[in-house]
Structures are given as C-alpha cells and as structure tokens.
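Chains H and G, in that order, give the protein sequences.
Be aware that the first sequence starts at 1, since it is given in my numbering, and climbs by one per residue.
Be aware that the second sequence starts at 1001, since it is given in my numbering, and climbs by one per residue.
Yeah, the Cβ is synthetic: ideal placement off N, Cα and C, and Gly gets one too.
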Amino acid sequence: MSRKLLVGYLVAAAILAVSPFMMDAYELDVLNSVGLYALLALSLNLILGDAGLFNMGHAAFYAVGAYTAAILNTRFEIPILWALPICGLAAALFAALVARPVIHLRGDYLLIVTIGMGEIVRIALVNDVFGLTGGANGIFGIARPEIFGHRVKTPVDFFVLIWGAVAVTVFLFHRLEQSRFGRALNYLREDPVAAEGSGVNTARYKLVAFALGAGWAGMAGAIYAGKMRTISPESFNFWESVVLFLIVILGGAGSIPGVLLGSFLVVALPEMFRGFATARMLVFGLVMMVMMVVRREGLLPIRTVRFRTKDVKRAEAAPKDVKGAEVAR
Amino acid sequence: MEQFLQQLTNGLAVGGIYALIALGYTMVYGVMKLINFAHGDLFTYGGYLGMTILGSLLLGDRLGAVGGVLVLAFLVMAAVAAMGVALERAAYRPLRDAPRLSAVVSALGASIFLQNALMLVYGARVQVYPESILPDAAIRFGGVYIPLIRIIVVATSVVMMLALYLFVQKTKIGTAIRAAAIDQGAARLMGIDVNRVITIVFVIGPALGGAAGLLVGLNYGQVNFTMGWIYGMKAFTAAILGGIGNIPGAMVGGLLLGVIEALAAAYLSVSWKDAFAFCVLILILIVRPTGLLGERVAEKV
C-alpha cells in the first residue's frame, strides 16, 4: 500500500469517526447504507475487478446470505452475528455450485448466465422454495444483532458495526491483493492464456475468487438482515446487481479505494439530490455509457504494482533455495 | 389434447415475438460480436410509439384496418430504426476498438438510460392501448381458439425472417454484411464500408424489434416500460438456443422457446414460467454453446 493511499484511508477514517457526532439519525442511516453497499461492492470487486469475471447476479449471493441468516435466526434462534460464518459459507457453497459449470464461459456469456441465475434465485424466493423463504412477503421478526451482550439497535450502533466490517474488509482485501492468490487473479484477468501457460490453474482460481466474493456478499447479507429485521425477494432484484456492478465500474474495477468512492457516489449522492430521485437510474445509465467512452478504467483506477529498487535488491539478496516446484506440478 | 393444442398456438404466438426480437440480437452479434443489451428497450419503444401514433393519428378511422396497420407499422419501424442508428453512434461507435466488455457495459448503460427515459416521459404505470385498430376476429378450430392477431404475429415473424434471410444471402449488401461478420479487417481491405454495414444492421435489427413491440401492444393491449428487459432476455435466450449469428436459428429458437415456455407454464407451474426460460439459457450454454443451428465454434477461453 502506498503512503498516499494510507494517508487517504486515515483521513477518510478520521472523517468517518467524527461523523456520528455531527450527523442526525437520517444522515447516519444513509452512511450505513453506503457502508453496506461498500461491503457488497468490495466483494463483487474481487470477482469482477480482480478476476475479471462479469458477474451481474451478485444480489443472489447477497440474498442467500440474508435468507440463511433470517431462517437461522427466526427458526432456530441463532444470533445473527453467530450465524455470520454460516451465511458466508452457504453463499460461497452456492456460488461454487452454480459457477462450476459456467465459469469457463467468455465474458458476455457469463454476464447473461449470471443475470439468469440471479433471476432464478429471486423467482425461487418469491415462490417460497422449500417452504422456508416466506414467498413474496419474505421473512420478518429477525432479532437485532448483539455484541458482548450489547444490543445493536441505534444508527450509531450499526454505524460502528458496518463500518467496522468495512475496515476489516478493506484491510483483508488489500492483503489478498498483494498475496500470491491476488496476483494470480490479476494475471489471469489481463491475459488468461499467458496465465494458464505460466502454470496458473485459471479455472480453479476463478472459481475460488467467485466463491470468496460470494461468501463475503453472504456475510454482508446477514448484516443487512439484522439491520432491516425483515427481508423480502424485492430487496435482491436485478437492479441491486446492476447498482453493485456500476459501483465497481465507476470507481475503478480492481481498485479498492475506487470501489469505496464509487459506493459513496452511487448511494449517497442520490440521497443529497432527493428531487431527482426518479431520474436516479437514468443518470446511472448515462454515467455507464459516458464512463466507458471517456474514462474506461474508472475514477480511481487500479495502480499497477511497481517494485522499488530497494525491494528488487532485497529479492536478489534473498537465499536461492526457494522451492520452485509449485509451477511444475 | 385440446389444451395442448391451445397452449401450442399460444406458445407459437409468443415465440414469434421472441423470434422477431432475436433476429435483431443475432444480426448485431453476427457483425459486431456485441450483445446489444439495449435492443430489448428499443422493442419497448416500438410498443410505446405504436400506442402514441395510434392514439394521435387515428389511422384506423382514416385508412381502414389493413392500411392503418401497415402505415402504423412503417412509422414505428422507421422511428425505432432511427433510434437504433443513433444508439450505435452514441454508445457503440466510440468503443469500436475498445475491449469488447467495455462495449457491453456501455450497452447496459444505454439500456438503463432508454428504459428510464421512457419512464420519465410516460410515467411508471402500465399504459393501455387505445381501441384496437384490428377487428376482433378469431378462428375456432375444434376447441382451439386462435385470435387473428396471433396469426398475424406468427406470419409477420416468418415473413420477416425469410425476407431477411434472402436479403442477407442474395443481395450485394447482404454479402457485405456476411463478409463483415466473418472478418471486419479483411472486409475493409476488400473495399467494404464496414461502418455502413453496421449502420444497416442497426437499421434492420431495431426496425424488427420495434415491429415486435407494436405487435405485443396490439396483442395484449397494454405496454409497460420494463417489458423490454424480460422480452429481451428471452429473445436473447432464443438467439442462443438457435445459434447466435444465425438467422434461421433465431426463428427456430424463438418459436421453440415460446412453445417450451407455454407448455411448461401449463403443465408444470405458472409462477416459475420465467425461470424455465433462464434454465433453458443456462443449460444450452453449458451443453451446446453454439446452439441448435450454430455452425460457428464458440471461442475458447
């Protein structure tokens, strides 16, 4: 992480830290929405930005997480935050299952398939699949989350919970970006043939990225369920997927600060200009077209890693007995 | 048996609509290798324009049913074709040399833009067509009931498909379209104006989509601003089913999908109707990505 970025994060964190004292409940609630969308968009960014897989059914994984949380909570009285890992696992498992046969499809076909998958999930939820999802009305009466006996209920509580989750996510995803896994994803996005030729198991990496992103969305879904206390299929329709997609494209695919900026612009800006509420999607569509023509890489584009001389020297000085066998497997 | 035949004819009528829209997808995909996401919305514009023109010009009273419908269809198709050309200029031409997925995002943006522009102009509510221009005739065949409009739908789509097929196979412009579909660079070197070919494709495709929108309006008597999305997705499924880039394939895929959907809705479950089409789409992409009639081998990677 460059120093400039670190300073940027610190400034943003400082502004966020004082905002509960400066804002009223409504503004804080908007900020909480921004945080939730940021979580979701960061998880989509792993799939769309890092691995370059055009996924426009992300709301489906979000829905799987939210519904898992709601069902576990209302039927088995498992607290939301305890259910969090299960929700993530459920969404990841679901994503791995549905993506396995289609992950090799070329970009635009994958886009269509994920749209179809998202719609199938929504229709299944509306039709009360397995008698668990409550049909078109959804599930209500979800208990609020609790942390160490403290019930999370005011906007300030949720602000801490959600933005805490965003901070953890940003940290972890930056670590992931720098890891072997993250670099492999970037490689296969830029040139799948060369990546495959260099021994990157592209199919497996794509699948893992897909499942990981979906699992993260599932956990965000659980937080959403705990915040709203009632969920219904309409919260997970096609337009949710479109908005998430737009956030990633607008901010800069693959760029974590870009996605954070994108979440703020897409979620908070329309709230500031309430008068244009009906024209919101019109503007989004226009922005997508204009962005592709004018600034394809997004507002805060991903920065390619450049090694400093210091690092290169350190690498040269390192002992040579690293095991290079992994590639030849 | 009666119910089966009734559902079959219902399915064929809906399938005819899918086929007409699918022809537009397949033409654009054939030449530009681009999924024109905004195509479904151009179809919706056809439905809305038909309603407005029908309501304001009183074509039925002035020209009679047959003349009125023909003039109406011509006006709608011309207007939607003009929109298609404008769309290509604004959203796709600047991205001709960009990575293909940028064009896909732009197409998606165009779709959202067009759809919401329509909502802002007409309002979000379902719009009802004025008194139908067509006589309320129907054929009864045993216990099977076939309204005139459904016959017109199927006939129109078959005639349009045949005309388009002959146009692409037999005329000089058609040859240029096929050449550009195979290799734009080589076509350009042979003296083919690829930009003109693309413009022609964006006249034909949207014109057919607009006609389909008009037919839907006349058939159901109402239109809404989001209908292009679901029809577009299904027509795209039809194009994939028949083999994208293949004109008779779009026809076969459209009619087949319409019938599958009608029968599945009748015998399995109505509330899962839309899910069946998406399942067909996913299955065909997994099992046979080239579609039923597709000869082109799908690109690997």
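Cutoff 8 angstroms: residue i Cβ touching any chain G Cβ
i	result
residue 155/H	no
residue 267/H	no
residue 127/H	yes
residue 278/H	yes
residue 54/H	yes
residue 248/H	no
residue 78/H	no
residue 108/H	yes
residue 119/H	yes
residue 188/H	no
residue 328/H	Caution applies to residue 328/H, whose pLDDT of 43 falls short of 50 and renders its modelled position unreliable; the value that the coordinates give is listed next. So, not an interface residue.
residue 219/H	no
residue 123/H	yes
Check: residue i C-beta below 7 angstroms from any heavy atom of the ligand SAH
i	result
residue 171/H	What this structure holds is no ligand at all, so the ligand SAH is not there to describe.
Residue j beta carbon less than 8 angstroms from that of residue i
i	j	result
residue 1278/G	residue 119/H	yes
residue 159/H	residue 20/H	yes
residue 1012/G	residue 1291/G	no
residue 1208/G	residue 1024/G	yes
residue 103/H	residue 57/H	no
residue 1254/G	residue 1238/G	yes
residue 209/H	residue 80/H	no
residue 1122/G	residue 1225/G	yes
Integer-rounded CB distance, given that residue j should sit under 8 angstroms from residue i
i	j	result
residue 288/H	residue 247/H	Residue 288/H to residue 247/H, Cβ: 11 angstroms. No contact.
residue 1285/G	residue 1247/G	Not really, about 20 angstroms apart at Cβ, beyond 8 angstroms.
residue 1213/G	residue 1015/G	The pair is not a contact, with the Cβ atoms about 16 angstroms apart (cut-off 8 angstroms).
residue 259/H	residue 38/H	7 angstroms
residue 302/H	residue 255/H	4 angstroms
residue 207/H	residue 100/H	7 angstroms
residue 993/G	residue 1249/G	An answer regarding residue 993/G cannot be provided, because it is not within the stretch 1001 to 1301 covered by chain G.
residue 278/H	residue 1120/G	7 angstroms
residue 142/H	residue 73/H	5 angstroms
residue 15/H	residue 138/H	With a Cβ gap of about 35 angstroms, residue 15/H and residue 138/H do not count as contacting.
residue 162/H	residue 35/H	4 angstroms
residue 1158/G	residue 1219/G	Residue 1158/G to residue 1219/G, Cβ: 16 angstroms. No contact.
residue 1034/G	residue 1103/G	5 angstroms
residue 236/H	residue 122/H	6 angstroms
residue 67/H	residue 125/H	7 angstroms
Residue closest to residue i, alpha-carbon to alpha-carbon, out of the options
i	options	result
residue 1161/G	1271/G, 1252/G, 1032/G	1252/G
residue 52/H	299/H, 319/H, 141/H, 185/H	185/H
residue 1087/G	1228/G, 1221/G, 1202/G	1202/G
residue 1091/G	1057/G, 1036/G, 1141/G, 1237/G	1036/G
residue 1205/G	1053/G, 1065/G, 1018/G	1018/G
residue 1180/G	1171/G, 1167/G, 1195/G, 1254/G	1195/G
residue 55/H	277/H, 267/H, 112/H, 193/H	112/H
residue 1273/G	1231/G, 1243/G, 1291/G	1231/G
residue 69/H	204/H, 87/H, 307/H, 153/H	87/H
residue 1124/G	1115/G, 1139/G, 1172/G	1115/G
residue 214/H	203/H, 45/H, 156/H	45/H
residue 291/H	137/H, 251/H, 133/H, 152/H	251/H
residue 283/H	18/H, 265/H, 67/H, 216/H	265/H
residue 1032/G	79/H, 34/H, 64/H, 108/H	108/H
residue 96/H	313/H, 268/H, 203/H, 199/H	203/H
residue 285/H	1038/G, 1193/G, 1163/G	1038/G
residue 82/H	318/H, 268/H, 219/H	219/H
residue 85/H	310/H, 223/H, 191/H	223/H
Minimum Cβ-Cβ distance from residue i to chain H less than 8 angstroms
i	result
residue 1094/G	yes
residue 1139/G	no
residue 1177/G	no
residue 1023/G	no
residue 1266/G	no
residue 1105/G	yes
residue 1084/G	no
residue 1210/G	no
residue 1100/G	yes
residue 1299/G	Bear in mind that a pLDDT of 45 at residue 1299/G, under 50, signals an unreliable position, so the model cannot answer this.
residue 1278/G	yes
residue 1120/G	yes
residue 1254/G	no
residue 1109/G	yes
What are the start and end residues of each continuous beta strand (DSSP E) run of 3 or more residues lying completely inside the segment 112-185 of chain H, in chain order? none
What are the uninterrupted segments assigned as alpha helix (DSSP H) that are 4 or more residues long and contained completely in the segment 1087-1135 of chain G, given in chain order? 1100-1122
Mind listing, in chain order, the continuous alpha helix (DSSP H) runs of no fewer than 4 residues lying wholly within the segment 221-289 of chain H? 238-251, 256-263, 269-272
Which runs of the beta strand (DSSP E) fall wholly inside the segment 1136-1161 of chain G and span at least 3 residues, in chain order? 1138-1141, 1144-1147
Only counting runs of 4 or more residues, tell me where the alpha helix (DSSP H) segments fall wholly within the segment 8-49 of chain H, in order along the chain. 25-45
Ignoring anything shorter than 4 residues, give me the alpha helix (DSSP H) runs that lie fully in the segment 1015-1065 of chain G, in order along the chain. 1039-1057
Enumerate, from N- to C-terminal direction, the unbroken alpha helix (DSSP H) stretches of 4 or more residues contained entirely within the segment 1217-1285 of chain G. Qualifying alpha helix (DSSP H) stretches, in chain order: 1227-1242, 1247-1267.
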